[in-house]
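Trainee:
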Amino acid sequence: MRYASDGNLQSVGGQQCPPHTTAMMDSTYRLLLRGKGAHADPIAILADVPASSAGRLMEGYPHSIWQIVGHMNYWMQYELDRIAGRKPHYPEHNIESWPNKIMPQDDAEWQDARAKLAARIDLLSALSESSDEVLKASVESMHSKEEPRSTSVESVLWQIMVHNSYHVGQIAMMMRSFGLWPPRTGADTW
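Numbering (my numbering), first residue to last: 391 to 580.
1. Can you find at least 3 beta carbon pairs, one from the region 456 to 473 and one from the region 553 to 571, that sit closer than 8 angstroms?
2. Quick one: Cα of Ile473 to Cα of Lys526, how far?
3. Count the other C-beta atoms from every protein chain shown that fall within 10 angstroms of the C-beta of Glu523, then say buried if there are 16 or more, exposed otherwise.
4. So, at 7 angstroms on beta carbons, what are the nonlocal neighbours of Ile550 in its own chain, with the 5 sequence-adjacent residues on each side left out?
5. Write down the C-beta distance between Gly445 and Ile492 rounded to the nearest angstrom, noting that I regard them as a contact closer than 8 angstroms.
6. At the level of alpha carbons, what is the spacing between Gly450 and Ser521?
7. Looking at the unbroken alpha helix (DSSP H) that takes in Ala509, where does it start and where does it end?
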């Protein structure tokens, strides 16, 4: 890769590349966050999962869909709090970011978890449309493990999107093993 004197990328593998001129690389982040490309939409795939299935365990895996959603909600809120300048507690052990219960108490609790997931994803999406000044703003680390990957709002947004994608893949595998895949909204069927 070579950069021109104005800082714009000249070429990659002989191909001319345009400079990055818009916030969050156009709409790429928002598309991936909501399940475009190789990603599944976390809100859509969970829409028809009943609370009883959300609380099931898959052989060989220690967490239920309910717990994965709770874990995703935990970390999205954690990162939103950091971006807002609050100082959330960084858990001493990863297990602290997972719900203790394997299943929701009832349908209302499961619906609430999915509503929180959707609201937090909407907040992340809205933040991704912020000005370059906001996206490049520093986000304070709460723990030494965060320092190498959390230097700006933009980097925190990408980190949480990748984290969500990882866990949505686990949910998709569980749904498939429970006979719930593909979801009514459609998705890859492998």
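Don't be surprised by glycine CBs; every beta carbon is placed ideally from N, CA and C.
Fair warning: this is a prediction, and the values are worked out from it, not measured in the lab.
Mentor: Reading from the atomic positions:
1. yes
2. 11 angstroms
3. Counting Cβ neighbours within 10 Å, Glu523 comes out exposed, since fewer than 16 surround it.
4. Trp465, Met466, Glu469 and Leu514
5. 6 angstroms
6. Distance between the alpha carbons of Gly450 and Ser521 is about 44 angstroms.
7. Asp497 to Ser518
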